[in-house]
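Residue numbering for the sequence shown is 486 to 1057, as defined by this note's numbering.
Quick reminder that beta carbons are idealized off the backbone N, C-alpha and C, glycines included.
Only one structure is covered here, and it is reproduced in the block below.
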Amino acid sequence: MARSNDAAAQMLQEFAELLAISGGDAFKVRAYEKAARAVAGHPAEIAGLDQKGLEAIPGVGGHLALKIIEFRDTGSCQELDELRAQVPAGLRTLLTVPGLGPRRARQVYDELGIASVSELLGALHDQRLRSLRGWGARSEENLAQAIHEAQSGGGRIHLDVALDLAQDLLGELAALPSVQRAAYAGSLRRMRETVGDIDLLVTSCEPAEVMEAFCASPRVARVLAHGPTKTSVLTTKGVQVDVRVVDPAVWGAALMYFTGSKPHNIHIRTLAVRAGLKLSEYGLFEADSGRQLAAATEEDVFARLGMPWIMPTLREDRGEIEAALEGRLPDVVSERDIRGDLHVHTNLTDGIAPLEEMVAAAKARGYAYCAITDHAPQLYMQRMTTEKMLAQRGQLRELERSAGIALLHGTELNIAPDGSLDWDDEFLAGFDVVVASVHSQLRQPKDQMTARLLRAIGNPNVDIIGHPTTRLIGHRPPVDADLDEIFAAAARTGTALEINSFPDRLDLDDELVARARRAGVKFAISTDAHAVPHLGYMPFGVATAQRGWAAPDEVINTYPLAKLRRFLAGSG
Ligand code: DGT
Ligand code: CA
Ligand code: CA
Ligand code: ZN
C-alpha cells in the first residue's frame, strides 16, 4: 500500500505546480516543493503524527501542517481544489508532460494556444517551439527525449503510430538514389500489439551517405548513435528508430535476424548449431568451412534449415518452428480472406461520417458486405431511439439497391451491469446482426462480470460480443472475468467474439485468441470504425488473429454472405 506520506507529498507537489503555473510567488512555490520532498522522505508515517510531529518535518511550518492534516483527514484540501478550478484543464494536462515544467507549460499555452499533449507533440514535430523566447532546437530535443524516456518506461507506442512513422521514414530513405531496398523489421513487422522501437533495414552501395541523409531528416530530433552501418535516432515524436544498412547479398538473413523475435531467433540458431551450421545476420554458414549456404532471401535461409518460410506474425517461438519443421504450419486468416466489416458506426450516433459515406468506403475496400451497427438507447449520450433506428433501416435498404455491396442492418447494444440489453427480444430479432458490448461499470467483481457477459452471450439475438475485455492498451486493464467460462459459452451458443482492430484496443488480443480457439470459439474481425479512415484498421485485427493462429474458417467475416447469414441465424 502507498504510504500516507507519498499521497501528501503528491498533494504538496501539485500545489507547487499549480501555484507556479498561475503565476504565484516563486518563494511560495519553492516552499511547497521543498515540503513535498521532505514529507516523501520522512521516516515516520504522517498518518500517525499530530500537528507538532508534522511541524518537526523540515520545511513544514504551521500553515503547511494544517494543510497536510486537512488532506489526510478529508482526502482533499479546499485551497488546492480552488487552485485547480482556476487553472484551465488544458493547461493542467500539460503539467503531466515530463520535462516541460510549469513555467514552460504556461508559456506554450499562452503563446501557442497548446492545451493538450497531442498538440504539444504536433508543435514539437513542426518545430514551432524553438522560436519561443528561451527555447531553441536543443530544448526541443530535450523535451522529445524526456517524453521518449517516460514512454519507454512501459509506454510502448501503438501499432498505427509506429506504422505511419515507419512508412514516412521508409519513403524518405527509398527516395535516396543509392538506396535499393528499404523495409521495416522488428516487432512492427511481427505486428506485435505495441512497438518499443522501430527497426529499419536498407540496402545501399553508399551506407555513409544514407546515414547522413537519414540523420538530417526533419523527423529526427536527436541522433543517439551514429555509425556507418547502424544509426539510432529519436524522432520529434519521441520514438526511437534504429536503421541498419546491409549488403544486398545478405538481405534475407539480415531481415530475418532483425525481424526476430529474439526467442524465435535463438531457437532457430540452436537448430542450426545442432546441424553443424552457423546462423547470423550475415547468413547461414557451414560451421567448419565457413562456406555460405544462404543469405539473399528469407526463403533461402529457411529452406536450408529444412523449413518453409514462416510469416512474421508467427515468429514468437510459440510452436511455429516445430510446426514448420513438420510441415504443418497453420493456415491462418489473411487480409485477402476478409469479405466485410461487421462493426461500423455512422453519424446517427457517435460516428463522424453519414451512412452513405461509410458504405461507399466499405465498397471501395472491395468488401462483399458491411454491417452498420450504431449504438443503442442505453448509452444515453448517443440519443438513440427506436424510431431513429427503424428510419436508418429504411434508409439502408434503400441505399442497398444501388450501393453494389450487401448491407446488414445491425446495432451495438450496451450490456448493462446485470447483463440485460437495450430493447426486447422481438425488436432485436429485426436486426440482421447484433453486437453487444460492455461500456461502463468496468470494475465489477469477477463473478458479476462473468455472469453479465454470460447472460448476453446466452441471448439468442446476440451474434457477436464486441471488444470482449474492454481493455485500452496502455490506459485501461481488461475487465476481470472468467474468460474460459466465457469462451466455452460462446463456443456452445455460436456467439462470435470480436477481434476489435482499433490500434488502442486489439481486443481480444493474440494470446486470448489462441486460448479462445482451443475452446472452439468463432471470431469476427471488425474495425469498430467511427470514421472512414478507421475502416483501414482491419490489418491490425487480422494480424492479431494471425498471431493467435486463427484460421479463415474460424473468422465469420471471411464467410460468403449466405454462409454468414446462416451463422447469424443460428447463433444464440
Ligand atoms: P521492441 O522493439 O521491444 O518492440 O521489440 P523488437 O522485437 O523489435 O526488439 P528489438 O528492437 O530490441 O530488436 C529487433 C530484433 O533484433 C529482435 O526482434 C530480434 C533481433 N535481436 C535483438 N537482440 C537480439 C539478441 O540478443 N539475439 C538475437 N538472436 N536476436 C536479437
Ligand atoms: Ca524494435
Ligand atoms: Ca531496435
Ligand atoms: Zn462500437
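In this structure Ile632 touches Gly723 by the C-beta definition: roughly 4 Å separates them, less than 8 Å. Contact between His894 and Ile857 holds: their C-beta atoms lie close to 6 Å from each other, under 8 Å.
Taking Gly1026 as the centre and dropping the five residues before and after it, the same chain places the C-beta of Ile984, Asn985, Ser986, Leu991, Ile1010, Ser1011 and Thr1012 closer than 8 Å to its C-beta, in chain order. Checking the 7 Å criterion, the Cβ of Gly671 is within range of a heavy atom belonging to ligand 3.
Within the stretch 822-854, the alpha helix (DSSP H) runs of at least 4 residues that lie entirely inside it are, in chain order, 840-849.
For the 8 Å CB-CB criterion, His1015 and Gly836 form a contact. The C-beta separation of Leu497 from Ala521 comes to about 4 Å, placing the pair in contact by the 8 Å criterion. Within the DSSP bridge table, the entry for Val1040 names Phe1008 as partners. Nearest to Asp785 by C-alpha distance, out of Leu740, Cys562 and Arg821, is Leu740. For Ile753, the uninterrupted alpha helix (DSSP H) run begins and ends at Lys747 to Arg759, by DSSP. Note on geometry: alpha-carbon atoms of Ala494 and Glu530 lie some 12 Å from one another. With 16 or more neighbouring CB atoms inside 10 Å of its own CB, Arg937 falls in the buried class.
Secondary structure of Tyr669 (DSSP, three-state): strand. The beta carbon of Ile683 sits closer than 7 Å to at least one heavy atom of ligand 2. Residue state for Glu801 is assigned as coil, using DSSP reduced to three classes. Residue environment for Lys931: exposed (fewer than 16 other C-beta atoms within 10 angstroms of its C-beta). Apart from sequence neighbours up to five positions away, the residues of its chain that approach Leu549 with a beta-carbon distance below 6 Å are Ala520, ordered along the chain. Comparing alpha-carbon positions, the option among Ala501, Arg821, Leu685 and His828 lying closest to Asp948 turns out to be His828.
The C-alpha of Pro815 lies about 7 Å from the C-alpha of Ala1036. Under a 10 Å Cβ-count criterion, Thr581 is classified as exposed, with fewer than 16 other Cβ atoms of the shown protein chains found around its own Cβ. For a cut-off of 8 Å, the C-beta gap from Thr559 to Ala670 is around 55 Å, too long to register as a contact. Not one heavy atom of ligand 1 lies closer than 7 Å to the C-beta of Gly959.
Assignment of beta-bridge partners to Asp727 by DSSP yields Asp684 and Ser717. Of the residues Met869, Leu654 and Pro583, the one whose Cα lies closest to the Cα of Leu686 is Leu654. With 16 or more other Cβ atoms inside 10 Å of its own Cβ, Glu678 counts as buried. Ile949 carries a strand assignment under DSSP once its states are collapsed to helix, strand and coil. In terms of Cα proximity to Ala608, the closest of Arg588, Gly619 and Ala629 is Ala629. Distance from the CA atom of His1019 to the CA atom of His960, rounded to whole angstroms, is 20 Å.
Spatial neighbours of Ser689 in its own chain (CB-CB distance under 6 Å, excluding positions within 5 residues in sequence) are listed in chain order as Ser663, Val664, Val695 and Val730. Residue pairing from DSSP places Phe770 in a beta bridge opposite Lys763 and Gln777. Shortest gap from the CB of Val646 to any heavy atom of ligand 2: 7 Å or more.
Residues of the same chain with a CB within less than 6 Å of the CB of Val545, apart from the 5 flanking positions on each side, are Ala520 and Leu539 in chain order. Taken in chain order, the whole beta strand (DSSP E) runs of length 3 or more contained in the stretch 591-636 number zero.
Under the three-state reduction of DSSP output, Val817 falls in the coil class, being neither helix nor strand. DSSP places Val524 in the helix class (H, G or I) of the three-state scheme. For ligand 4, the residues with a Cβ under 5 Å from any of its heavy atoms are, in chain order, Glu897 and Asp1013.
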